[in-house]
Amino acid sequence: MSEKTSNGSGGIRSIERALKVLTCFDWQNQTLSTTEIAKKIGLAKSTTSRILSTLENEGFLFRDETTSQYQLGHQIYYLGMLAQKDFDIREVSHPIMKAIRDKTQETVSLYLLENYQRICVAQVESERSIKQSSVIGESLPIWLGASGKSMLAFLEGEAWKQAAKEVKPLTPKTIVKESELFKELSTIKDRYFAVSEGERYDEVSCVSAPIFGRDHKVVGSLSISSPYYRFPKDTRDYSRLVIEGAREISEKMGHRWK
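Under this note's numbering, think of the first position of the sequence shown as 151, with each following residue one higher.
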């Protein structure tokens, strides 16, 4: 009995170690040596070598004969493709959006980035009689409002300059001066959320957070919007909700936080 228990726990430990090896690889570390992996997982080089050999034999790792560096193998890519089959960000996001709507009683929207435009692809509307709603499929400039700026802040510098050239004053609160726009985008990038009040419509306010894909690039945003008179002066609760929601969606899309 004791021998079986020992073997069982040993098998579990081996699986845990193998999984730790696989999670050493990311976008910054696509190839690693045995020494680097051993250091990352805190095991002896000899033990690490045995794990690596097993993973290589099973196709989960590939070893370059010239450099002796390891990288993820074909089995990982095959499993990844299976995991992504029929994947729909709207399905993944819906329960998260509904939970936020239920907590705030305001409309929650999902936007995706496409050609420097933000497109509303999903929405869970407020159940109140007076509410803010967006048109599903509507394409809007990325420089307009919190939903767009929360994405724009995480694009390259050239995108900022392009936005500054395109921005138009739709309301008195639309930020059109380049220096002010860049300052706002820097603030958004630092705190991971954007707030807008009356930038598109005088009577609408919004808070939004960026969503990232597996390549660490921004792909969309999650927002809470409401009539201006119901929008809280202290946005900390709303910003926390969209940041946490956007983070959960990002992780479900394969994003790994640094």
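Note that beta-carbon positions come from the ideal geometry of N, C-alpha and C, so glycine has one too.
Anticipated Cβ contact below 8 Å, residue i with residue j, distance rounded
i, j, result
"residue 373", "residue 357", "7 Å"
"residue 220", "residue 181", "7 Å"
"residue 210", "residue 223", "5 Å"
"residue 347", "residue 323", "6 Å"
"residue 267", "residue 291", "6 Å"
"residue 399", "residue 258", "Not quite, the Cβ-Cβ distance comes to about 12 Å (not below 8 Å), so this is no contact."
"residue 343", "residue 393", "6 Å"
"residue 163", "residue 201", "No, residue 163 and residue 201 are not in contact; Cβ-Cβ is about 11 Å, not under 8 Å."
"residue 375", "residue 225", "With a Cβ gap of about 44 Å, residue 375 and residue 225 do not count as contacting."
"residue 275", "residue 321", "Rounded, the Cβ-Cβ distance is 23 Å, inconsistent with contact."
Residues that DSSP places opposite residue i in a beta bridge
i, result
"residue 270", "261"
"residue 359", "372"
"residue 344", "358"
"residue 144", "Residue 144 is absent from the structure shown; the chain starts at 151 and stops at 408."
"residue 290", "268"
Residue interval of the beta strand (DSSP E) (run including residue i)
i, result
"residue 368", "368-377"
"residue 212", "211-213"
Counted within 10 angstroms of its Cβ, other Cβ atoms place residue i as buried (16 or more) or exposed
i, result
"residue 405", "buried"
"residue 236", "Here residue 236 scores only 49 on pLDDT, less than 50, and its place in the model should not be relied on; the value that follows carries that caveat. Exposed, because fewer than 16 other Cβ atoms sit within 10 Å of the Cβ of residue 236."
"residue 299", "buried"
"residue 177", "exposed"
"residue 386", "exposed"
"residue 316", "exposed"
"residue 313", "buried"
"residue 256", "buried"
"residue 217", "exposed"
"residue 379", "exposed"
"residue 194", "exposed"
"residue 305", "buried"
"residue 169", "exposed"
"residue 227", "exposed"
"residue 297", "buried"
"residue 395", "buried"
"residue 187", "buried"
"residue 397", "buried"
Nearest to residue i (by Cα), restricted to the options the options
i, options, result
"residue 339", "359, 256, 241, 214", "359"
"residue 286", "279, 280, 273", "273"
"residue 277", "295, 248, 370", "248"
"residue 206", "306, 172, 189, 321", "172"
"residue 308", "318, 332, 378, 174", "332"
"residue 295", "397, 190, 326, 208", "326"
"residue 261", "179, 403, 342, 289", "289"
"residue 263", "302, 328, 366", "302"
"residue 270", "192, 370, 377, 403", "370"
"residue 279", "389, 395, 377", "377"
"residue 250", "161, 391, 407", "391"
"residue 402", "161, 366, 293, 381", "366"
Cβ of residue i within 7 Å of any chain B Cβ
i, result
"residue 324", "Absent here is chain B; the protein component of the structure consists of one chain."
Endpoints, alpha helix (DSSP H) assigned at residue i
i, result
"residue 298", "295-302"
"residue 396", "386-402"
"residue 241", "239-254"
"residue 206", "195-207"
"residue 407", "Per DSSP, residue 407 belongs to no alpha helix (DSSP H) and is neither H nor E."
"residue 307", "307-316"
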